[in-house]
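Numbering (the working numbering), first residue to last: 1 to 108. Ideal placement from N, C-alpha and C gives every residue a C-beta, glycine not left out. Every value quoted in this text rests on a predicted model; they were computed, and no experiment measured them. Below: the structure, in structure tokens.
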């Protein structure tokens, strides 16, 4: 069974633990990069144990090249969420780009 992970600073992701999601804390880009790749790496199988990795926009902004590696993978889906300081608009922009790729045109 696949799992769901949430990666970000402690204050932003702690609430997700109450929902039963696995939370991982990172306060800087290097720590987040290491954790992202560890979560996305298969643990003995052909696919990652995590189907979804939510990552705060604040960290995602620092890891755009690393996140791009997983855009074409079936799993894990890396989804950007706002952090404790609010949205940077990166998640909405990523969703719009994915829709444009799927549909072939800007539908907004």
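Could you pull out every residue in the same chain whose Cβ sits closer than 6 Å to the Cβ of residue i, ignoring the five residues on either side in sequence?
i, result
"residue 77", "52"
"residue 72", "none"
"residue 54", "6, 79, 81"
"residue 39", "5, 50, 53"
"residue 21", "4, 6"
"residue 13", "6, 23"
"residue 62", "29"
Provide the residue span of the beta strand (DSSP E) that contains residue i, from first to last.
i, result
"residue 74", "No beta strand (DSSP E) holds residue 74; DSSP gives it neither H nor E."
"residue 2", "No beta strand (DSSP E) holds residue 2; DSSP gives it neither H nor E."
Helix, strand or coil for residue i per DSSP?
i, result
"residue 7", "strand"
"residue 61", "helix"
"residue 85", "coil"
"residue 30", "helix"
Less than 8 Å between C-beta atoms, sequence neighbours within five positions excluded: which residues of the same chain meet that for residue i?
i, result
"residue 59", "7, 8, 9, 26, 29, 32, 83"
"residue 37", "66"
"residue 1", "none"
What residues in its chain sit with their C-beta under 7 Å from that of residue i, if we drop five residues either side in the sequence?
i, result
"residue 17", "23"
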